[in-house]
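These protein sequence lines map, in sequence, to chains A and B.
The first sequence: position 102 = 102 (our numbering), numbered continuously.
Our numbering runs 261 ahead of the 1-based position in the second sequence.
This report refers to the structure that appears directly beneath it.
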Amino acid sequence: METITDHTTITTGPANTNDREVVIEIKELHKSFGDHEVLTGITMDLYKGENLVVLGRSGQGKSVLIKCIAGLLDYHEGILKVYGSEIKELKEEELRKARMKLGFLFQSGALYDSMTVRENLEFPLTRVLGLTDKNEIDERINEMLDSVGLLDAIDKMPSDLSGGMRKRIGLARTLILKPEIMLYDEPTTGLDPITSKEISELMVQLQKKYKISSVIITHDMDCAKITADRILVMNNGKYIAGGTYEILEQSSNALVNSFFK
Amino acid sequence: MPAKFISFLKDQGEKVGDQVHFLGSFFRNTFKKGFEWNELIRECYLIGYKSLPLVAITGFILGFVFTLQSEPTLKAFGAENYLPAMVSVSLIREIAPVIVALICAGKIASSIGAELGSMKVTEQIDAMEVSGSNPIQYLVVTRILACTFMIPLLTIIADALGLLGGFTGINISNKVSAVLYFNKAIAALDFTDFIPAFIKTFFFGFAIGFVGCYKGYNSGRGTASVGMAANSAVVNASLWVIVLDAVAVQLTSVLAYH
Ligand SMILES: Nc1ncnc2c1ncn2[C@@H]1O[C@H](COP(=O)(O)OP(=O)(O)O)[C@@H](O)[C@H]1O
Ligand SMILES: [Mg+2]
C-alpha cells in the first residue's frame, strides 16, 4: 500500500490509530511562490500523541509545509485544520491563541542572538504567558534547562554555543510553553551522529514526559528510526507513501527505498 | 509595453499597500497593552547616546566651516555684524536638522535594517511569531518610537554645538565675546524659525525608524538580503528626509505668510 501514489485511496494513519483524535488535518494543500508550485496537493493527518516523521529530499517543500501549519506562510488551496479550525481563516488574535498550543523548532534553532540563554527562555514566559513572579520564572527556566541537560549554559550567549547546544536550547525555549503539538524542522541536520542520536532520544523522552504530538521533518534515517511512530514520504510537494519504519523499509518503490539504503 | 507598464504599476501599488499595512500594524501595536518600556529605553540609549559623538562633531564642524566660508562674502558687503545671526538662522532652520537626519539615515536606518533583516533571515522573527509573542510590538514599535524621539534631541545638540563652532570660527579672525556672539545669534531667532524646524525633525526620525524597520522586517531569504535590506533602508530613508524637508519648507512658508 505504501507505493500507491493516488492519495485519495490511502489511509493516512496506521490501522490502530483510526479511532484516535486528529489534531492536524491537511487535505489537498497547495502553495506556490509566483509560478513555482511547491506544495502540490499534500494530504496528511496527525493523530494525538504520535510522532509523525515527514521524509523528503531537500527543496521538496517540507519547511514550507510546516510553516503553513504554523501560520507563517499563506496557502492557496486546500484544507489545513489544527484542532478543527482552519488556520487561514483565523484572525490575528485567534491565531496567536492557536499558536500557543504549537511549538516550532527551527532548523537553525533561531535563538535570539542578542539575549543570553536565560533571557531566551524568559522571553516566552513573560511575553506569552505573562508571568511576573521572578521565582516562578527562575524555577521554570531551571527545570527546563535541566530537562535538556544544559543547566550550566544559562548565562551564555547563543554565539558561544555549539550546534547541538543551540538545538537543545531552542527545544527548551519552545517546550517551556508546554505546547501540545511540536513541529520540528530538521532537528538533527548539521549535527554529528552522536549528537544527532542524543537529540533524537531527547525528543522522544520529552514527548513522553509532556505528552506531545509531533511532526518531525527530516532526511536523517537514524533520527526517523528513533523518533517515528509513523513515517510519511513526500516528493514534489505531495504525499507518496506512508507507514511504519518497518513497513517502508520493505518498500519496492525506488524513491522510498533510497532513504533506507 | 503597456502590459509591462501595468504590471510595474501593480507592483508599485502592492509595495505601497504593504507599507500602509505595516504602518497600520505599527499604530495598532503601539497602543496595545504590554508596551515594551525597557526595550524602548534600551533602544533610545543605543540610537541616541551612541550617535551622540558623531552628531556632536558634525554639528560643531558645520557651524565652524559655515562661519569661515561666509565671512569673506559678508565682509565684502560690510555686513560681518550679521554673521552670528546668519549662521544661527541657517543652521537651526535648515542645515542642522537635515544633516543630522541624513547622518542618522546612514547610521541608524542601516543598522536597524541589518539587525531586523538578520533576525528575519535566521528565523528569529518567525520564532517570536509562532511562540505567540508579538515581534512588531517588541522590535518595531520600540525602534520607530526611539528614532522619533531621539532624532529631535540629537538635532538640538547639533544646533548648540553648531553655534559653538560658529563662535570658534569667528574668533579665528575677530575677537567677539561669547556673550555678544550668543546674544546676537539667539536674538536673530524667533519661534517661527525654531518651532517648525523642531517639529519636522520628529517626522525625519519617524521616517528613519519606519524605513529601517520596514526594510529589515520584510527582507528576503538568504544572507545577501540582509545587506540589501540595510542598503535600501539608507537610500529610502535619505530620500524620505529630503522629500519631507521640501514639504516642511513649503508648509512653513505657506503658514508663515497667512
Ligand atoms: N519564502 C519563500 N519564497 C520563495 N520561495 C520559497 C520560500 N520558501 C521556500 N521557497 C522555495 O520552496 C521550495 C521548498 O523549500 P523548503 O520547504 O525550504 O524545502 P525543504 O524541503 O528542503 O525544507 C524551494 O524551492 C524554495 O526555494
Ligand atoms: Mg527545510
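Just so it is clear, CB atoms sit at the ideal spot from N, CA and C, and this is done for glycine as well.
All figures in this text were calculated on a predicted structure; none of them were measured in a lab.
Next on the checklist: Given the structure, does A:Gly56 come close to ligand 1, in the sense that its CB is under 7 Å from one of the ligand's heavy atoms?
Outcome noted: Sequence index remark: in the first sequence, residue 56 of chain A carries index 56 (1-based). Answer for A:Gly56: yes, Cβ within range of ligand 1.
Checklist entry - Under the three-state reduction of DSSP, which class applies to A:Met1: helix, strand or coil? => result If you number the first sequence from 1, residue 1 of chain A lands on position 1. Low local confidence applies: a pLDDT of 41 at A:Met1 is under 50, so the model's placement there is unreliable, and no value is given.
Item to check | Any non-hydrogen atom of ligand 1 closer than 7 Å to A:Phe33 Cβ | outcome: As a first step, residue 33 of chain A must be located in the first sequence, where it is residue number 33. Answer for A:Phe33: yes, Cβ within range of ligand 1.
Checklist entry - Mind listing which residues of the region 486-508 of chain B have their C-beta closer than 7 Å to chain A's C-betas, in chain order? => result none
Checklist entry - Where B:Gly423 and B:Phe321 are concerned, what is the direct C-alpha to C-alpha distance, given to the nearest angstrom? => result Indexing the second sequence from 1 puts residue 423 of chain B at position 162. Indexing the second sequence from 1 puts residue 321 of chain B at position 60. So the two alpha carbons sit approximately 4 Å from each other.
Next on the checklist: Pairs of beta-carbons, one from the region 505-512 of chain B and one from the region 472-487 of chain B, closer than 8 Å: are there three or more?
Outcome noted: no
Checklist entry - So is the beta-carbon of A:Ser108 under 7 Å away from any non-hydrogen atom of ligand 2? => result Here residue 108 of chain A corresponds to residue number 108 of the first sequence, with the count starting at 1. No, the beta carbon of A:Ser108 sits no closer than 7 Å to any heavy atom of ligand 2.
Next on the checklist: Closer than 7 Å to a non-hydrogen atom of ligand 2 - does that hold for the CB of A:Asp185?
Outcome noted: If you number the first sequence from 1, residue 185 of chain A lands on position 185. Flag set: Cβ of A:Asp185 near ligand 2.
Checklist entry - Expressed to the nearest angstrom, what Euclidean distance is found between the alpha-carbon atoms of B:Ile308 and B:Lys436? => result Walking along the second sequence from the start, residue 308 of chain B turns up at place 47. Walking along the second sequence from the start, residue 436 of chain B turns up at place 175. Rounded to whole angstroms, B:Ile308 to B:Lys436 spans 38 Å at the Cα level.
Checklist entry - Taking the alpha carbon of A:Leu65 as the point to measure from, which residue in A:Val215, A:Ile247, A:Pro193 and A:Pro158 has its own alpha carbon closest? => result For the purposes of this step, residue 65 of chain A is taken as residue 65 along the first sequence, with counting starting at 1. Minimum Cα distance to A:Leu65 is reached at A:Val215.
Next on the checklist: Strictly under 8 Å for the Cβ-Cβ distance: is A:Met203 near chain B by that measure?
Outcome noted: On the first sequence, position 203 is the one that residue 203 of chain A refers to. By this cut-off, A:Met203 is not an interface position.
Checklist entry - Is the Cβ-Cβ distance between A:Ile42 and A:Leu29 less than 8 Å? => result Translated into positions along the first sequence, residue 42 of chain A becomes position 42. Translated into positions along the first sequence, residue 29 of chain A becomes position 29. A contact, by the Cβ cut-off of 8 Å.
Checklist entry - By DSSP, does B:Phe338 sit in helix, in strand, or in coil? => result Counted from its first residue, the second sequence places residue 338 of chain B at position 77. Reduced to three states, the DSSP call for B:Phe338 is coil.
Item to check | Where the beta strand (DSSP E) containing A:His262 begins and where it ends | outcome: Outside the shown range of chain A (1 to 261) lies residue 262 of chain A, about which nothing can therefore be said.
Next on the checklist: Does the distance between the C-beta of A:Lys62 and the nearest non-hydrogen atom of ligand 2 fall short of 7 Å?
Outcome noted: Against the first sequence, residue 62 of chain A aligns to sequence position 62. Checking the Cβ of A:Lys62 against ligand 2 gives yes.
Next on the checklist: I'd like to check one pair, A:Val82 with A:Tyr47: are the Cβ atoms closer than 8 Å?
Outcome noted: By 1-based counting over the first sequence, the position of residue 47 of chain A is 47. By 1-based counting over the first sequence, the position of residue 82 of chain A is 82. For A:Tyr47 and A:Val82, no; Cβs fall outside 8 Å.
Next on the checklist: Measuring only the C-alpha atoms, how far is B:Thr291 from B:Cys305?
Outcome noted: Numbered from 1 along the second sequence, position 30 holds the residue referred to as residue 291 of chain B. Numbered from 1 along the second sequence, position 44 holds the residue referred to as residue 305 of chain B. Take the alpha-carbon of B:Thr291 and the one of B:Cys305: they are about 16 Å apart.
Next on the checklist: Distance cutoff 8 Å, beta carbons only. Does B:Ser392 sit that close to anything in chain A?
Outcome noted: What you label residue 392 of chain B is simply residue 131 of the second sequence in a count that begins at 1. Yes, contact with chain A.
Checklist entry - Using a threshold of 7 Å, is the CB atom of A:Gly59 nearer than that to any non-hydrogen atom of ligand 1? => result Residue mapping note: residue 59 of chain A aligns to position 59 of the first sequence, counting from 1. Flag set: Cβ of A:Gly59 near ligand 1.
Checklist entry - Who are the near neighbours of B:Ser493 in its chain, counting only those whose CB is closer than 7 Å to its CB and skipping five residues on each side? => result Position 232 of the second sequence, counted from the first residue, corresponds to residue 493 of chain B. Here the set comprises Lys476.
Item to check | Distance between B:Val326 and B:Ala388 (C-alpha atoms, nearest Å) | outcome: Here residue 388 of chain B is taken as the residue at index 127 of the second sequence, counted from 1. Here residue 326 of chain B is taken as the residue at index 65 of the second sequence, counted from 1. Rounded to whole angstroms, B:Ala388 to B:Val326 spans 50 Å at the Cα level.
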